[in-house]
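Residues in the sequence shown are numbered consecutively from 2, following our numbering.
Below is one structure; the comments refer to it alone.
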Amino acid sequence: MNISGATDWKETLAPDEVERFERYASELRELQRRNARGGPPSRALHAKGHVGATGELIVSKDLPEALRVAVFAEPRSWPVFVRFSNGSGRHQHDRTADVRGVALKLVGVPGRKLIPGLEDKRTQDFLLIQEPTTPFRTPDEFVAFVRAAAKGPGLLVPRLFGSLGFGRTLGLLKKLASMPKVTSLATTPFYTALPLRFGATAAKLALFPVDATPAGVASGAPGALREELVSRLRTGPLTWSFRAQLFVDERTTPIEDASAPWPEDRAPFHELARLVLPQQDLTSASGAKLEEQIERMSFDPWHAVEELRPLGAMMRARAIAYRESVLERQAAPEPEDMVKLAAG
Ligand code: HEM
């Protein structure tokens, strides 16, 4: 099969965007402080971690030239830290409607990194959510939603009407309501939902579960999603196929509109690697210590090499927001070496 992505993608930067994104980051930091209620702050968003685990990202053999980019250039295995989370800035019952996410941190990755001051770090992160797109077109819509949701469910709709208008609010609420309910983090696909550079082209990435046994009925406990995943990992490994969709053209696979799906018939997914979480007991003393360390880490799509630079306004807004959140909660520095860290 001849696989290639077009190289004429482009970003469109608004003249006022840095100032606007700084304002959004401060607003999220205020929310983070409020949610902490005087205690130690959690993440501004994705505060509740379900599981922190270690694994391997095993790059596929014989990848076609177009897919041999950055960490996928050679068939090899990368040690990886993984954190599953709920999207809210509050620690809520898993029954509460929310977006679920997963973050990967590859360790030992050479090359200059993008975050100023962290150029020499040896990590490459990928952050994904359960949906292939966001319901939000722009960071303005995203932050308007977070702001409205922070006032509690009763005020969400009137506040959204106020900031986004009637039609757009209805469209958003419809999309949010159609989000599938996650009963197991092991059987759910996860998507970057936003594009990143992929060498000369651009791509969206996704994780698809491989051979995961279907989920049973959720236990109803506040931490049901954690219980389910911990129990699976205690009895055996879990595997996902990590795949890329390549940029076609601005109309088919837009860069700046975060709500536009990239159609799979025009931009099919190609496997790059397999993510394997080996059997592990996270309830053991060493498992608990590892989870504590992963909880303190900073996962950020901008922990990346230039060949995998995040693209589009939502990604550029994240560049500022994650750094504020990380500073506020005094996250751990980037890990240098997985073996040393896991051994404590
Ligand atoms: C499709 C778009 C997005 C995806 C896939 C995504 C995914 C994630 C994930 C998985 C985490 C948890 C990371 C962890 O486990 O440490 C996270 C955290 C966070 N997200 Fe996003 N996110 C998106 C958009 C945004 C936007 C637009 C903003 C703000 C403008 C934002 C702000 C944050 C913040 C502040 C954190 C906490 C960072 C920290 O303290 O470590 N996210 N996101």
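We put the beta carbon where it would ideally sit given N, CA and C, even for glycine.
Everything numeric in this text was worked out from a predicted model, so none of it was measured.
Only residues of its own chain outside the window of five on either side were considered, and among them Ser78, Ala274, Arg275, Val277 have a CB closer than 7 Å to the CB of Ile59, listed in chain order. Annotation for Ser164: Ala145 place their beta carbon closer than 6 Å to its own, counting only its chain and skipping 5 residues before and after. Taking C-beta atoms under 8 Å as the contact rule, Val231 and Leu283 qualify, at a distance of about 5 Å. Inclusion of Gly50 and Ser86 in the CB contact set at 8 Å is warranted, their separation being smaller than that value. Counting only the Cα atoms, Pro159 lies some 32 Å from Pro190. When the beta-carbon positions are compared, Leu173 and Leu161 come within less than 8 Å of each other.
About 7 Å separates the beta carbon of Thr193 from that of Leu128, a gap short enough to meet the 8 Å contact definition.
With a cutoff of 8 Å on beta-carbon distance, Phe243 and Asp126 are scored as not near each other. Between the stretch 211-219 and the stretch 248-264 there are fewer than three inter-stretch CB-CB distances shorter than 8 Å, so the stretches are not counted as touching. For the options Leu14, Ala305, Val81, the alpha carbon positioned closest to that of Gly200 is the one of Ala305. According to the DSSP assignment, Asn36 belongs to the alpha helix (DSSP H) that extends over 18-37. When distances are taken from the beta-carbon of Ser326 to the heavy atoms of the ligand HEM, the shortest one is below 7 Å. The Cβ atoms of Glu12 and Leu312 lie closer than 8 Å to each other. Beta-bridge analysis with DSSP links Pro210 to Trp241.
Assignment of beta-bridge partners to Pro80 by DSSP yields Glu57.
Counting the other Cβ atoms within 10 Å of the Cβ of Arg24 gives fewer than 16, which makes it exposed. Contact annotation: Ser5 and Glu272 have beta-carbon atoms that are not nearer than 8 Å. With a beta-carbon spacing of about 16 Å, Val103 and Thr124 fall beyond the 8 Å limit used to define contacts. Set against 7 Å, the gap from the CB of Arg35 to the closest heavy atom of the ligand HEM is not smaller. In the DSSP annotation of this structure, the continuous segment of the alpha helix (DSSP H) that includes Val147 starts and ends at 140-151. DSSP lists Lys106 as the bridge partner or partners of Asp126. The count of Cβ pairs closer than 8 Å, one atom from the stretch 312-332 and one from the stretch 93-103, stays below three, leaving the stretches out of contact.
Contact annotation: Leu119 and Glu308 have beta-carbon atoms that are not nearer than 8 Å. Residue side-chain check: Ser86 places its Cβ nearer than 7 Å to a non-hydrogen atom of the ligand HEM.
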